[in-house]
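So the sequence shown is residues 4 to 590, counted in the numbering used here.
Written out below as structure tokens is the structure these notes cover.
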Amino acid sequence: MTFDGLVVSAVTDELRRLIGGGRIDKVQQPTDSDLVLTIRKERQSHRLLLSANKAYPRLHVTTRFHAPNPALAPMFCMLLRKHIEGGRIGTIRQISRERIVDIAIETRDEVGEAVTRHLIIEIMGKHSNILLLDREQGTIIDAISHVSSRVNRYREILPGRDYVSPPPQAKSDPFDETKDGYTQKRSEQTQERIDRYLVNNYLGISPLFAKEIAYRLEQKHGAQGTIQQEALQFLAVIEQVKSKIEPTIWYDAKNEADGFYLLPLQRVQEKKITHESLHEVIDLYYSSRALSDIARGKVGNYLRMMRNESERCLTKIEKLRDWLDQQDDAEIWRTKGELLTAYLHQVQKGLTSVQLPNFYDDERMLFIELDPALTPLENANKYFKRYTKFKKGWQITKDQLEIAKHDLQYIESVLHELEHCQLAEVAAIEEELRTSGYLKTVVNKGKKTQPDKKQNKMVPNTYLSSDNIRIFVGRNNQENDFITFKQARKNHFWLHVKDAPGSHVIIEHDHPPDSTIEEAAILAAFYSKLKGSTRIPVDLVEVKDLFRPNGAKPGFVLFTGQKTLSVAIDETILDRLLKQATLPQSK
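Put into structure tokens, the structure is as follows:
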């Protein structure tokens, strides 16, 4: 848990400096669980976010939270406007190093008397809540989430009930601990691992921070550190948190925000960036997480949509193939028509069938059904018409089958993109799906839609070969088209995994050495659906031998004169290429 009691302590310290004494100009409730207070202090406005969101409960000043407000304000928002809008922020305090903050607001009641209301936020995961009290530890005026005695016998959260704090924990305050105190308590629980001991015995310490202390202790003293060494390490880190925090956010391999804390965690090996303001770090982290969640939600929806399209396309292909398999029957219709024409003199009108020698099959007798109401010639023409109609439909169906195969190939390429995309690539894939007709384009009446040049700017992954030659890799079909048909020159080389979805790869050279070709082929194999195979076929061809048919889906190309390489993904080569890569940054 990132938002632990120590983070809450630091947040309240910053809030006192930022908004203490400020005036509440506006109260908004954009969602069922989020409040935004606009607070003015010393000619500056600050937006304070109080969130009881079950996944991301938090409290911080924000510049990035921009959820739209409903047309009709919720009842809790209206009540807050009545009681605290126009009031001034008084004391801001954390309750007992817990994740509970009490914001005192000096205001006036209905008759103009000076009163102090208390806005409480309890940051407790799915039990998080925001409450307004008439006084400190007083009566609940209302809460953003009601809890009856059926749900919680210990504390009801309903208007008119007395406010009862969550049950206190029998733990020590780490800010008040001493070396002797730690040593004495720890000597009674020597069997417990240090990180578990810290979480179980000290207020406000999360598993994340406890593991960091254990890591630093092990790095300094090895796995068998003494209790005295533990105490000194624990107190040193706590003192660092008390004296001067270094708010830090870190990013995963996809360059997406992966966590934050009050100081750089040595245990975290990912890329870390330190900021001056803790509120800036929290705001940055949660806005990034929100965007990630939105993107992941979109990706999940698009995956389901494209998998349905794939199933629909496969069903269509199967039906078209079944229809084309009737070609042998059609040839029989033509043969029957020719035999009837050849043996007209032997066939009488009124017959329901006849057997005639088949001169296409060693004169074997062929059974032919007849319409007794038609003459022999009319029966022959009926078979010819049936054959001609099928042949015309056969060519149309054959063309439809080729289109369906290309559609399936494109759908599989989009599925591959979606299964491996990063946050920054979702918008490009979304635009591609709109361009391809799988998503509807929303057009505002009376407004011309201008393309977003910033968003549409293509920035493919760029790698440097051991021969100092640039290699470009498309991250989606739009980028594949860009690097292949706009960026690459005719004498550059193009690579793609054979007969499977994958990225287009361009070698920016007219005579690349074998080592560069091998490295580019490894990248083509790695960024493909076949990357788990032992040996992977990769096509290599000059860009001048590529062409894109009119009306083709994004990423589709045809080519001639290719050379097919068989490559195994060399982890050493791949690791070097990835470490030296220039990758677009997530936003």
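The beta carbon of each residue, even a glycine, is placed where N, CA and C say it ideally should be.
For this session: Evaluate the contact criterion for the stretch 415-434 versus the stretch 317-325: three or more CB pairs, one atom per stretch, below 8 angstroms.
Result: Taking 8 angstroms as the limit for Cβ pairs, the verdict is that the stretch 317-325 does not touch the stretch 415-434.
Exercise. Going by DSSP, which residues form a beta bridge with LEU498?
Worked result: Looking at the DSSP assignment, LEU498 forms a beta bridge with VAL508 and LEU543.
Exercise. Can at least three beta-carbon pairs, one atom from the stretch 246-256 and one from the stretch 29-45, be found at a separation below 8 angstroms?
Worked result: Cβ pair count under 8 angstroms is below three, so no.
Exercise. Closest to VAL11 by CA distance: which of VAL244, GLY477, ALA555 and GLU221 is it?
Worked result: Of the candidates VAL244, GLY477, ALA555 and GLU221, the one whose C-alpha sits nearest the C-alpha of VAL11 is VAL244.
Exercise. Are the beta-carbon atoms belonging to ILE133 and LEU53 less than 8 angstroms from one another?
Worked result: Contact flag set, yes.
Exercise. Would DSSP call PRO177 helix, strand or coil?
Worked result: Annotated three-state conformation of PRO177 is helix, per DSSP.
Exercise. Going along the chain, which residues of its own chain have a beta-carbon closer than 7 angstroms to the beta-carbon of ASP261, five neighbours each way excluded?
Worked result: Closer than 7 angstroms at Cβ, skipping near neighbours: TRP253, TYR254, ASP255 and GLU273.
Exercise. Relative to the C-alpha of GLU511, which residue among ALA491, VAL357 and GLN269 is closest?
Worked result: Just measuring C-alpha positions, the residue of ALA491, VAL357 and GLN269 sitting nearest GLU511 is ALA491.
For this session: On a CA-only basis, which of GLY207, ILE27 and ILE474 is nearest SER48? Give me that one, please.
Result: Closest by alpha carbon: ILE27.
Problem set entry | Member of ASN204, ASP179, ASN382 and ASN480 whose CA lies at the smallest distance from the CA of SER190 | When the alpha-carbon of SER190 is set against those of ASN204, ASP179, ASN382 and ASN480, the nearest one is in ASN204.
Problem set entry | Nonlocal neighbours in the same chain, by C-beta distance under 8 angstroms from PHE550, ignoring five residues either side | Cβ within range, chain order: VAL560, LEU561 and PHE562.
Problem set entry | Where ASN483 sits in the DSSP three-state scheme | When DSSP states are grouped into helix, strand and coil, ASN483 belongs to the helix group.
For this session: Rounded to whole angstroms, what's the CA-CA distance from GLN330 to LEU294? Just pull it up for me.
Result: The alpha-carbon of GLN330 is positioned some 54 angstroms away from that of LEU294.
Exercise. Is it the case that the Cβ atoms of ALA584 and TYR466 are separated by a distance below 8 angstroms?
Worked result: In contact: ALA584 and TYR466 (Cβ atoms closer than 8 angstroms).
For this session: Select from ARG20, GLU372, ALA407 and ASP183 the residue whose C-alpha is nearest the C-alpha of ALA555.
Result: Among ARG20, GLU372, ALA407 and ASP183, the Cα nearest to that of ALA555 is on ALA407.
For this session: Please name the residue, chosen from ARG46, ARG50, LEU9 and THR15, that lies closest to LYS29 on a Cα-to-Cα basis.
Result: Taking only the C-alpha atoms, the option nearest LYS29 is ARG50.
Exercise. Taking the alpha-carbon positions, what's the GLY23 to GLY93 distance?
Worked result: Cα to Cα, GLY23 sits roughly 6 angstroms from GLY93.
Exercise. Expressed to the nearest angstrom, what Euclidean distance is found between the alpha-carbon atoms of THR15 and VAL104?
Worked result: Whole-angstrom Cα-Cα distance: 8 angstroms.
Exercise. What did DSSP end up calling HIS63 once you bin it into helix, strand or coil?
Worked result: Assigned with DSSP and collapsed to three states, HIS63 falls in strand.
For this session: Tell me whether MET461 sits in a helix, a strand or coil according to DSSP, three-state version.
Result: In the structure shown, MET461 sits in coil (DSSP, three-state: anything other than H, G, I, E or B).
For this session: Rank ALA527, GLN565, GLU422 and ARG153 by C-alpha distance to the C-alpha of LEU543 and give the top, closest one.
Result: By alpha-carbon distance to LEU543, the top candidate from ALA527, GLN565, GLU422 and ARG153 is GLN565.
Exercise. Okay, do the stretch 339-347 and the stretch 363-383 touch, 3+ Cβ pairs below 8 angstroms being the bar?
Worked result: Under the 8 angstroms Cβ criterion, the stretch 339-347 counts as touching the stretch 363-383, having at least three qualifying pairs.
For this session: For LYS566, write down the residues that DSSP places opposite it in a beta bridge.
Result: Answer is LEU543.
Exercise. Is the CB-CB distance between GLY25 and ARG43 below 8 angstroms?
Worked result: Note that the C-beta distance between GLY25 and ARG43 is below 8 angstroms.
Exercise. CB-CB under 8 angstroms to LYS448, same chain, minus the five flanking residues each way: which ones, in chain order?
Worked result: Confidence in LYS448 is poor, its pLDDT being 49 and thus under 50, which makes the residue's placement unreliable; the coordinate value appears in the next sentence. Hits under 8 angstroms: none found.
Exercise. If we call anything under 8 angstroms between Cβ atoms a contact, is LEU404 one with LEU327?
Worked result: With a cutoff of 8 angstroms on beta-carbon distance, LEU404 and LEU327 are scored as near each other.
Problem set entry | Alpha carbon of LEU581 to alpha carbon of SER99, nearest angstrom | Taking the CA atoms as reference points, LEU581 sits about 48 angstroms from SER99.
Exercise. Can you check whether the CB of PRO540 is closer than 8 angstroms to the CB of VAL500?
Worked result: Cβ atoms of VAL500 and PRO540: closer than 8 angstroms.
Problem set entry | Sequence-distant residues of its chain with Cβ nearer than 6 angstroms to LEU82 (five each side left out) | Correct list, in chain order: ASP145.
Exercise. Comparing the C-beta of CYS80 with each C-beta of chain C, is any distance below 8 angstroms?
Worked result: Considering every chain present, this structure includes no chain C. It has just one protein chain.
Exercise. Helix, strand or coil: how does DSSP classify HIS69 here?
Worked result: If DSSP states are grouped into helix, strand and coil, HIS69 belongs with coil.
Exercise. Is it a yes or a no for the stretch 277-290 touching the stretch 299-316, going by three-plus beta-carbon pairs under 8 angstroms?
Worked result: No, they do not touch.
For this session: Compute the Euclidean distance between the alpha carbons of GLY535 and GLU415, then round it to the nearest angstrom.
Result: Distance between the alpha carbons of GLY535 and GLU415 is about 17 angstroms.
Exercise. Based on Cα-Cα distance, which residue from PRO169, GLU116, SER152 and ARG111 lies nearest to ILE123?
Worked result: Per the C-alpha coordinates, the member of PRO169, GLU116, SER152 and ARG111 positioned closest to ILE123 is PRO169.
Exercise. Using the beta-carbon count (16 or more within 10 Å), is PHE370 buried or exposed?
Worked result: Exposed, by the Cβ-count rule.
Exercise. Would LYS450 be called buried (16 or more neighbouring beta carbons within 10 Å of its own) or exposed?
Worked result: No answer about LYS450 holds up, because its pLDDT of 47 lies below 50 and its placement is not dependable.
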